[in-house]
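Visitor: Let me give you the structure first, and then I'll get to my questions.
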Amino acid sequence: MKKTKLTQFHPVIIDRLRRITQHEFGHYVVSRALGFRTGGIKISINSMDSYHGYSETKLAESGHSAESIIDLLHRRAIVLYAGASAETLPGPGPVSNIVNVKEANRIICADNLGAQDDNKKAQEIFHILRNAHYPLTDTSVKSNYQIELDTICSAIFNDAVVLVNKNADRIVDLAKTLAQRAKSFPISLEMDEATIEAMPLVQGIVKARLSEVGPPGAIVS
3 MKKTKLTQFH
13 PVIIDRLRRI
23 TQHEFGHYVV
33 SRALGFRTGG
43 IKISINSMDS
53 YHGYSETKLA
63 ESGHSAESII
73 DLLHRRAIVL
83 YAGASAETLP
93 GPGPVSNIVN
103 VKEANRIICA
113 DNLGAQDDNK
123 KAQEIFHILR
133 NAHYPLTDTS
143 VKSNYQIELD
153 TICSAIFNDA
163 VVLVNKNADR
173 IVDLAKTLAQ
183 RAKSFPISLE
193 MDEATIEAMP
203 LVQGIVKARL
213 SEVGPPGAIV
223 S
């Protein structure tokens, strides 16, 4: 099958497509690395300012202990921040694929750059994790409560960056494979679960584990 030349699209659309596909495969690859089962990916770009991406992470897991629930929430929060982190990778080319931490943080914190829903979900998880990790804190003292939330948020974000950097070239290559399917504008792309799982780049994803079940910390391979 002849591959579509993305140069037929406006440069802004090409860059938007690259960033969105990287964002969604950032979610996907980090989900797999952290042991989640995954589904398909959908991308749509309807105008310069209207776009949508979706990568399915399946949250149903066996485990009945409080520790297993905390572990799942920790991993889920990392996945949520992996999208924006992956979006900032330079993409195909001679430049090394490393997360632009400042830009990733800007995307996550903004209300209109595509990661606002991810951040809202993550913020809810942070409150639950704080309650679990710091049960004795006097929550009437807002400064102490906020420090604990910030500690968890920073650690989760750092973990997401670490994992995306470890898988950066893989994420970029997978994103490029999907982007090259774009044929016309508006753009609507989809890869189902079976198609993605059959790709060698996906089969080669290395599992990571959380260093501890406790206050979110580093990831070790």
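Numbering-wise (the working numbering), the sequence shown opens with residue 3 and increments by one. Note that CB positions come from ideal geometry on N, CA and C, so glycine has one too. Just so you know, these numbers come straight off a predicted model, no measurement behind them.
Lys-185 by DSSP, collapsed to three states: which one?
Guide: Position 183 of the sequence shown holds residue 185. If DSSP states are grouped into helix, strand and coil, Lys-185 belongs with coil.
Visitor: What are the partner residues of Met-201, as DSSP defines its beta bridges?
Guide: To locate residue 201, count along the sequence shown from 1; it is residue 199. Partner(s): none; Met-201 has no beta bridge.
Visitor: Within its chain, find whatever has a CB closer than 6 Å to the CB of Phe-159; leave out the 5 residues flanking it on each side and keep chain order.
Guide: Within the sequence shown, the letter at position 157 stands for residue 159. So the list reads Tyr-83, once near-sequence residues are dropped.
Visitor: Measuring only the C-alpha atoms, how far is His-25 from Gly-85?
Guide: Here residue 25 is taken as the residue at index 23 of the sequence shown, counted from 1. Here residue 85 is taken as the residue at index 83 of the sequence shown, counted from 1. Distance between the alpha carbons of His-25 and Gly-85 is about 4 Å.
Visitor: Do we get a CB-CB distance below 8 Å when we pair Lys-122 with the residues of chain B?
Guide: Considering every chain present, this structure includes no chain B. It has just one protein chain.
Visitor: Report back the beta-carbon spacing between Ile-16 and Ile-47 to the nearest angstrom; my notes put them in contact at under 8 Å.
Guide: Reading the sequence shown from its first residue, position 14 is the one you call residue 16. Reading the sequence shown from its first residue, position 45 is the one you call residue 47. Going by Cβ atoms, the distance from Ile-16 to Ile-47 rounds to 10 Å, so no, they are not a contact pair.
Visitor: Who does His-54 pair with in a DSSP beta bridge?
Guide: One-based indexing of the sequence shown puts residue 54 at position 52. DSSP, once it has assigned bridges, lists Ser-46 as partnering His-54.
Visitor: Roughly how many angstroms separate the alpha carbons of Thr-40 and Leu-75, rounded to a whole number?
Guide: Within the sequence shown, numbered from 1, the residue matching residue 40 stands at position 38. Within the sequence shown, numbered from 1, the residue matching residue 75 stands at position 73. Going from the Cα of Thr-40 to the Cα of Leu-75 covers about 16 Å.
Visitor: Run through the DSSP bridge pairs and tell me what Glu-192 is partnered with.
Guide: Against the sequence shown, residue 192 aligns to sequence position 190. Glu-192 pairs with Lys-44.
Visitor: If you reduce the DSSP assignment to three classes, tell me which class Thr-139 lands in.
Guide: Residue mapping note: residue 139 aligns to position 137 of the sequence shown, counting from 1. Thr-139: coil per DSSP, three-state reduction.
Visitor: Taking the continuous alpha helix (DSSP H) assigned at Glu-105, which residues delimit it?
Guide: Numbered from its first residue, the sequence shown carries residue 105 at position 103. Here the alpha helix (DSSP H) through Glu-105 covers 103-111.
Visitor: Measuring straight from C-alpha to C-alpha, what distance separates Gln-148 and Lys-104?
Guide: Position 146 of the sequence shown, counted from the first residue, corresponds to residue 148. Position 102 of the sequence shown, counted from the first residue, corresponds to residue 104. C-alpha separation (whole angstroms): 21 Å.
Visitor: Compute the Euclidean distance between the alpha carbons of Ala-112 and Asn-121, then round it to the nearest angstrom.
Guide: In the sequence shown, residue 112 corresponds to position 110, counting from 1. In the sequence shown, residue 121 corresponds to position 119, counting from 1. The alpha-carbon atoms of Ala-112 and Asn-121 are separated by roughly 9 Å.
Visitor: Tell me, which residues are paired with Thr-59 by DSSP?
Guide: Position 57 of the sequence shown, counted from the start, is the residue given in the question as residue 59. For Thr-59, which the question treats as bridged, DSSP gives the partners Thr-40.
Visitor: Could you tell me whether the segment 19-39 touches the segment 172-187, using the rule of 3 or more Cβ pairs below 8 Å?
Guide: Enough Cβ pairs lie closer than 8 Å, so yes.
Visitor: By the three-class DSSP mapping on this structure, what secondary structure does Val-166 have?
Guide: Within the sequence shown, numbered from 1, the residue matching residue 166 stands at position 164. Here Val-166 sits in helix by DSSP.
Visitor: Quick one: Cα of Ala-210 to Cα of Gly-42, how far?
Guide: Locating residue 210 in the sequence shown gives position 208, where the first residue counts as 1. Locating residue 42 in the sequence shown gives position 40, where the first residue counts as 1. Cα-Cα distance, rounded: 21 Å.
Visitor: Which ranges does the alpha helix (DSSP H) cover as unbroken runs of at least 4 residues, wholly within the segment 62-98, from first to last along the chain?
Guide: Listed in chain order, the complete alpha helix (DSSP H) runs (minimum 4 residues) inside the segment 62-98 are 68-89.
Visitor: Using three-state DSSP, classify Ala-229 as helix, strand or coil.
Guide: With the chain covering 3 to 223 only, the question about residue 229 has no answer from this structure.
Visitor: Identify, in the order they occur along the chain, each residue of the same chain with its Cβ nearer than 6 Å to the Cβ of Lys-123, setting aside the five sequence neighbours on each side.
Guide: The residue given as residue 123 occupies position 121 in the sequence shown. For Lys-123, where only same-chain residues beyond five positions count, the Cβ hits under 6 Å are Leu-82.
Visitor: Around the Cβ of His-129, are there at least 16 other Cβ atoms within 10 angstroms (buried) or fewer (exposed)?
Guide: Residue numbering aside, residue 129 sits at position 127 when the sequence shown is read from its first letter. Exposed is the call here.
Visitor: With H, G and I counted as helix, E and B as strand and the rest as coil, what does DSSP make of Ala-117?
Guide: Residue numbering aside, residue 117 sits at position 115 when the sequence shown is read from its first letter. Coil at Ala-117, not helix or strand.
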